[in-house]
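*Asks:* Before I ask anything, here is the structure I am working with.
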Ligand code: NDP
Ligand code: MG
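In the working numbering, the protein residues as written are 355 to 754.
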């Protein structure tokens, strides 16, 4: 049967990789819905190619976009804003939601998909960083399926026993011999450079990742290693483990995408070329396998795999993520919000790359909120996010 897919964040980097796979398998997958935000010309071209039944754009662009599609003879229903994304994510015709919007903007639609019991292919790690418990509770309660696209989490998922894969919140209770998870990190473009060199980095240098081609925000996050910090928090929620059961190791070649360490001394690793099409194809076809179109790994061309302990002074964001995870959800919301604001300020040329960690640390220290209680819901989370953004704007303004 054809699987109907909604790609939220279709105009981005994960959107590109997903749609490349879907285009190659038109009989298995129907591109049912797409969303875009700024890059509406690109979204229009995707609509011409895939003829989705539904499209979501910013509210202010709905009329224009609908008119443009109609003039081109494309009969798609155009919806707008956050409500439009939620509508598509919960549409009874949608089987699978690819959650590939960047940042907090992706949370409402991802959570709505969980509450509608959908199969969710999760790239939007920020949704779990902000609302891990709420998301996982919704997945369980509404029998949704949550499959990680983030290459590290997808690798760990693949290395876990089937019983845990089928109920990925089981490690904590019945650990099946799982001792630790190992998240690999490339170390980003500044691994071999000094902190002082990192301080002087231009935007172009910061977004030039050595191994992966990604959107701007995650590329900056990789340069500061905040990405690994967010992934650490993401892994705690996805696999129901405390942060001290998750290690981070720098592996500059990005060939091993992460590992599971078992009590008998076994380490299971997933290897592959650094190409997001592999984890996306895995999650799309899970529990089967499909051709992803990625280059097979040439083992004979590999010349040594390195493993390095991260320098937490140079990459302070990684230390902050552990600290926030220990402090609780209110802190991970603050860290995520502060980081989004700081990264945007860096991309705008307002602050230096190394200011991002300072701003994140100051936000974590200054914005002291009481822990969220057990019944906290999305409104409580978004309220903290708003406070944190507001106060971080002020921290950025002080520096500029
Ligand atoms: P991109 O910046 O390339 O794409 C982001 C997508 O989100 C675009 O479609 C963009 O629309 C849309 N978008 C941006 N802001 C909003 C908004 N306010 N409301 C609705 N839609 C919005 O990012 P990536 O594809 O690189 O990353 C997407 C997510 O996947 C992130 O959470 C990232 O951490 C995660 N991820 C990415 C990986 C990668 O290899 N790229 C790897 C692992 C995880 P438009 O472009 O039209 O403005
Ligand atoms: Mg990743």
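The beta-carbon is built from N, C-alpha and C at its ideal position, and this holds for glycine as well.
Just so it is clear, the structure is predicted and the values come from calculations on it, not from any experiment.
Does DSSP classify residue 677 as helix, strand or coil?
*Replies:* Within the chain shown, the letter at position 323 stands for residue 677. Helix.
*Asks:* If I'm right that residue 474 touches residue 538 with Cβ under 8 angstroms, what's the distance once you round it to whole angstroms?
*Replies:* On the chain shown, position 120 is the one that residue 474 refers to. On the chain shown, position 184 is the one that residue 538 refers to. About 24 angstroms; that fails the 8 angstroms criterion.
*Asks:* Please confirm whether residue 508 and residue 636 have their CB atoms less than 8 angstroms apart.
*Replies:* Here the question's residue 508 lines up with position 154 in the chain shown. Here the question's residue 636 lines up with position 282 in the chain shown. Contact flag set, yes.
*Asks:* May I ask you to check if the CB of residue 504 is nearer than 7 angstroms to at least one heavy atom of the ligand MG?
*Replies:* In the chain shown, counting from the first residue as 1, residue 504 sits at position 150. Yes, since a heavy atom of the ligand MG falls inside the 7 angstroms radius drawn around the Cβ of residue 504.
*Asks:* Alpha carbons only, please: which of 741, 505, 661, 733 is nearest the one belonging to residue 625?
*Replies:* Sequence index remark: in the chain shown, residue 625 carries index 271 (1-based). If we check each option's Cα against that of residue 625, 505 comes out closest.
*Asks:* For the ligand MG, is there any heavy atom lying closer than 7 angstroms to the beta carbon of residue 728?
*Replies:* Residue mapping note: residue 728 aligns to position 374 of the chain shown, counting from 1. Incorrect: residue 728 has no Cβ contact closer than 7 angstroms to the ligand MG.
*Asks:* Under a three-way DSSP split, which group does residue 336 fall into?
*Replies:* Residue 336 lies beyond the residue range present for the chain, which begins at 355 and ends at 754; the question has no answer from this structure.
*Asks:* Quick one: which unbroken beta strand (DSSP E) runs of 3-plus residues sit fully inside the segment 406-453? Chain order, please.
*Replies:* Taking only runs of at least 3 residues, the beta strand (DSSP E) segments lying wholly in the segment 406-453 are 408-411, 431-434, 450-453.
*Asks:* Hey, residue 454 and residue 481: beta-carbon distance below 8 angstroms or not?
*Replies:* Here residue 454 corresponds to residue number 100 of the chain shown, with the count starting at 1. Here residue 481 corresponds to residue number 127 of the chain shown, with the count starting at 1. Not a contact, by the Cβ cut-off of 8 angstroms.
*Asks:* How long is the line joining the alpha carbons of residue 407 and residue 401, rounded to whole angstroms?
*Replies:* Walking along the chain shown from the start, residue 407 turns up at place 53. Walking along the chain shown from the start, residue 401 turns up at place 47. Answer to the nearest angstrom: the Cα atoms are 9 angstroms apart.
*Asks:* Assuming residue 600 and residue 584 make a contact with CB atoms under 8 angstroms, what is their CB distance in whole Å?
*Replies:* Position 246 of the chain shown, counted from the first residue, corresponds to residue 600. Position 230 of the chain shown, counted from the first residue, corresponds to residue 584. The pair is not a contact, with the Cβ atoms about 13 angstroms apart (cut-off 8 angstroms).
*Asks:* Mind listing, in chain order, the continuous beta strand (DSSP E) runs of no fewer than 3 residues lying wholly within the segment 580-614?
*Replies:* 600-604, all fully within the segment 580-614.
*Asks:* I need the boundaries of the beta strand (DSSP E) containing residue 532, first residue and last residue.
*Replies:* As a position in the chain shown, residue 532 is number 178, starting the count at 1. Residues 532-539.
*Asks:* Is it a yes or a no for the segment 410-418 touching the segment 382-392, going by three-plus beta-carbon pairs under 8 angstroms?
*Replies:* Contact between the segment 410-418 and the segment 382-392 is present, because at least three Cβ pairs lie under 8 angstroms.
*Asks:* Mapping DSSP to helix, strand and coil, what is residue 728?
*Replies:* On the chain shown, residue 728 is found 374 positions in, with the first residue counted as 1. Three-state DSSP puts residue 728 in coil, outside helix and strand.
*Asks:* Report the residue from 372, 373, 381 whose alpha carbon sits nearest the alpha carbon of residue 355.
*Replies:* Residue 355 sits at position 1 when you count from the first residue of the chain shown. The candidate whose alpha carbon is nearest that of residue 355 is 381.
*Asks:* What is the DSSP secondary structure of residue 570, reduced to helix, strand or coil?
*Replies:* Here residue 570 corresponds to residue number 216 of the chain shown, with the count starting at 1. Reduced to three states, the DSSP call for residue 570 is helix.
*Asks:* By the three-class DSSP mapping on this structure, what secondary structure does residue 384 have?
*Replies:* For the purposes of this step, residue 384 is taken as residue 30 along the chain shown, with counting starting at 1. It is a strand residue.
*Asks:* Could you please give the first and the last residue of the uninterrupted beta strand (DSSP E) stretch that includes residue 359?
*Replies:* Stepping through the chain shown from its first residue, residue 359 is reached at position 5. Start and end: 357-362.
*Asks:* Measure the C-alpha to C-alpha separation of residue 556 and residue 707 and round it to an integer number of angstroms.
*Replies:* Indexing the chain shown from 1 puts residue 556 at position 202. Indexing the chain shown from 1 puts residue 707 at position 353. If you take the alpha carbons of residue 556 and residue 707, they lie about 8 angstroms apart.
*Asks:* If you reduce the DSSP assignment to three classes, tell me which class residue 689 lands in.
*Replies:* The residue you call residue 689 lines up with position 335 of the chain shown. Three-state DSSP puts residue 689 in a helix.
*Asks:* Does the distance between the C-beta of residue 386 and the nearest non-hydrogen atom of the ligand NDP fall short of 7 angstroms?
*Replies:* Here residue 386 refers to the residue found at position 32 when the chain shown is read from its first residue. False, no ligand heavy atom lies under 7 angstroms from that Cβ.
*Asks:* Please classify residue 520: does DSSP put it in a helix, a strand, or coil?
*Replies:* Working through the chain shown from its first residue, we reach residue 520 at position 166. DSSP places residue 520 in helix when its eight states are reduced to three.
*Asks:* Can you find the residues in the same chain that come closer than 6 angstroms, C-beta to C-beta, to residue 404, ignoring five residues on each side of it along the sequence?
*Replies:* On the chain shown, residue 404 is found 50 positions in, with the first residue counted as 1. Once the five neighbours on either side are set aside, the close Cβ partners of residue 404 are 385.
*Asks:* What three-state label does DSSP hand residue 393 in the structure shown?
*Replies:* Translated into positions along the chain shown, residue 393 becomes position 39. Residue 393 falls in the coil class under three-state DSSP.
*Asks:* Judging by CA-CA distance, which residue of 372, 365, 367, 366 is the nearest neighbour of residue 359?
*Replies:* The residue labelled residue 359 in the question sits at position 5 within the chain shown. With distances taken between Cα atoms, residue 359 lies closest to 372.
*Asks:* Give the single residue among 660, 691, 491, 662 whose Cα lies nearest to the Cα of residue 675.
*Replies:* Counted from its first residue, the chain shown places residue 675 at position 321. Comparing Cα-Cα distances from residue 675 to each of 660, 691, 491, 662, the minimum goes to 691.
*Asks:* The ligand NDP and residue 484: does any heavy atom of the ligand fall closer than 7 angstroms to the residue's C-beta?
*Replies:* By 1-based counting over the chain shown, the position of residue 484 is 130. Result no, Cβ not under 7 angstroms from the ligand NDP.
*Asks:* Report yes if the C-beta of residue 480 is less than 7 angstroms from at least one heavy atom of the ligand MG; otherwise report no.
*Replies:* If you number the chain shown from 1, residue 480 lands on position 126. Checking the Cβ of residue 480 against the ligand MG gives no.
*Asks:* For the ligand NDP, is there a heavy atom less than 7 angstroms away from the beta-carbon of residue 609?
*Replies:* The sequence position of residue 609 within the chain shown is 255, counting from 1. Not so, every heavy atom of the ligand NDP lies at least 7 angstroms from the Cβ.
*Asks:* So, for residue 575: in the same chain, excluding its five sequence neighbours on each side, which residues have a beta-carbon less than 6 angstroms away from its beta-carbon?
*Replies:* Within the chain shown, numbered from 1, the residue matching residue 575 stands at position 221. Cβ within range, chain order: 581.
*Asks:* Rounded C-beta distance between residue 638 and residue 684? I'm assuming under 8 angstroms.
*Replies:* Numbered from 1 along the chain shown, position 284 holds the residue referred to as residue 638. Numbered from 1 along the chain shown, position 330 holds the residue referred to as residue 684. The pair is not a contact, with the Cβ atoms about 35 angstroms apart (cut-off 8 angstroms).
*Asks:* Straight-line CA distance for residue 479 to residue 664?
*Replies:* Locating residue 479 in the chain shown gives position 125, where the first residue counts as 1. Locating residue 664 in the chain shown gives position 310, where the first residue counts as 1. Straight-line Cα distance between these residues: approximately 21 angstroms.
*Asks:* Please name the residue, chosen from 633, 712, 717, that lies closest to residue 368 on a Cα-to-Cα basis.
*Replies:* Position 14 of the chain shown, counted from the first residue, corresponds to residue 368. The shortest C-alpha separation from residue 368 is found at 633.
*Asks:* Tell whether a beta-carbon distance below 8 angstroms holds between residue 747 and residue 695.
*Replies:* The sequence position of residue 747 within the chain shown is 393, counting from 1. The sequence position of residue 695 within the chain shown is 341, counting from 1. Result yes, Cβ atoms of residue 747 and residue 695 sit closer than 8 angstroms.
*Asks:* On a CA-only basis, which of 661, 698, 702 is nearest residue 541? Give me that one, please.
*Replies:* Working through the chain shown from its first residue, we reach residue 541 at position 187. Residue 541 has its Cα closest to that of 661, out of 661, 698, 702.
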